[in-house]
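Peer 1: Mind having a look at this structure? Questions to follow.
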Amino acid sequence: MSRRPIAQQPRAHVPQRPLWLCRRCAQPWPCGEARLALLHEYADDPARLRIYLTSCMHDALADLLKLNPETAPTAETTFTRFLAWTAPRAARDAADPAVRSEPSPARLAALSSLRLWRARRRSI
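If you want this note's numbering, it's the 1-based position in the sequence shown plus 9.
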């Protein structure tokens with residue numbers, strides 16, 4: 010198996026400090042690819058992932074405030090960027106107003122039909 014020379018190897022999606030942009034795709038880090046890689050790397054210990062990203066968030070806030078205090082992101086947007094996506098799905102769904110909204114009429118009709126079908130099946 011031949012190896013690529015180092016100059017030709019694709020770069021990982023890692024942060025470029027102090028801008029906190031992805032070195033590979035120039036998106037705000039953690040970009041989508043970095044998130045997938047981090048989820049894979051920390052699959053066995055999601056708490057460690059959140060601890061790692063909390064320290065990155067802290068460093069990013071400090072770096073971005075030093076660069077330009079007037080345009081630095083708020084703590085809320087930085088939290089969303091670094092940590093909100095790591096929450097368990099149930100917690101994210103509970104916080105999302107679109108998920109908490111009332112079910113659609115079609116969904117209610119389907120649930121009603123299912124309940125009727127189950128009731129009839131039990132009575133047989």
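Glycine is no exception: its CB is placed at the ideal position from the N, C-alpha and C atoms. All values derive from a computational prediction rather than experimental measurement.
How many angstroms separate the CA atom of threonine 86 from the CA atom of alanine 35?
Peer 2: 18 Å
Peer 1: Using a Cβ-Cβ cut-off of 7 Å (strictly less than) and excluding sequence neighbours within five positions of proline 82, which residues of its own chain qualify?
Peer 2: Leu73, listed in sequence order.
Peer 1: Label threonine 95 either buried or exposed according to how many other C-beta atoms from any shown protein chain fall within 10 Å of its C-beta, with 16 as the threshold for buried.
Peer 2: buried
Peer 1: Cysteine 28 by DSSP, collapsed to three states: which one?
Peer 2: First, the amino acid is wrong: residue 28 is leucine here, not cysteine. Residue state, collapsed to three classes: coil.
Peer 1: Determine the closest residue to leucine 48 out of Phe91, Pro27, Arg129, with distance taken between C-alpha atoms.
Peer 2: Phe91
Peer 1: Which residues in the same chain as threonine 63 place their Cβ atom closer than 8 Å to its Cβ, once the five residues preceding and following it in sequence are excluded?
Peer 2: Contacts found: Phe91, Leu92.
Peer 1: Considering only DSSP beta bridges, list what proline 37 is partnered with.
Peer 2: Leu30
Peer 1: So does arginine 129 have its beta carbon nearer than 6 Å to some heavy atom of the ligand SAM?
Peer 2: This structure lacks the ligand SAM; in fact it carries no ligand of any kind.
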